[in-house]
Amino acid sequence: MKGKLFGNGLFESSRMMLPEHKEAWLTHQEKQLKEKPILDEQEIQLIQGKINDSFHQRIRIQVTVFDPIEDKVYEGIVSVVNTFLKEIKLVFSDGDWKYIKLDTIMSVT
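When we follow this note's numbering, the leftmost residue of the sequence shown carries the number 3, and every step to the right adds one.
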């Protein structure tokens with residue numbers, strides 16, 4: 003029984019695909035990994051200013067973080083700015099938190 007399941011056995015020789023599987027496979031192939039856009043100096047300064055305002059004045063901000071498939075948006079207050087590790091600690095309204103690397107931040111509103 004073990005010989006049929008491995009090598010050129012039962013599963014490898016099966017070439018049948020359901021239409022749903024074919025659609026899912028094609029959709030997966032269409033989703034190309036995107037590259038991180040390069041931010042200009044002015045945009046970087048605006049992001050740093052808004053992070054600074056959130057840190058000092060406890061203002062809630064929305065941070066858009068780059069992801070190769072789909073960008074992620076987090077909302078919270080900056081509680082820690084670690085310049086050595088180049089990351090911020092964003093505290094959410096439910097008390098949970100997340101460290102975000104500064105070089106992955108796309109925008110701050």
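C-beta atoms are modelled at their ideal positions from N, C-alpha and C, and glycine is treated no differently.
All values reported here derive from a predicted model rather than from experimental measurement.
If you run the structure through DSSP and keep just helix, strand and coil, what is Q34? The residue given as residue 34 occupies position 32 in the sequence shown. Note: Q34 maps to coil in three-state DSSP.
Helix, strand or coil for G78, going by three-state DSSP, please let me know. The residue labelled residue 78 in the question sits at position 76 within the sequence shown. In the structure shown, G78 sits in a strand (DSSP, three-state: E or B).
Cα-Cα, which of L35, W27 and E45 is closest to D69? In the sequence shown, counting from the first residue as 1, residue 69 sits at position 67. The option with the nearest alpha carbon to D69 is L35.
Boundaries (first-last residue) of the alpha helix (DSSP H) holding I46: As a first step, residue 46 is located in the sequence shown; it is residue number 44 there, counting from the start. Segment E43 to Q59, the alpha helix (DSSP H) holding I46.
Run through DSSP, which three-state label would K24 get? Mapped onto the sequence shown, residue 24 falls at position 22. K24 falls in the helix class under three-state DSSP.
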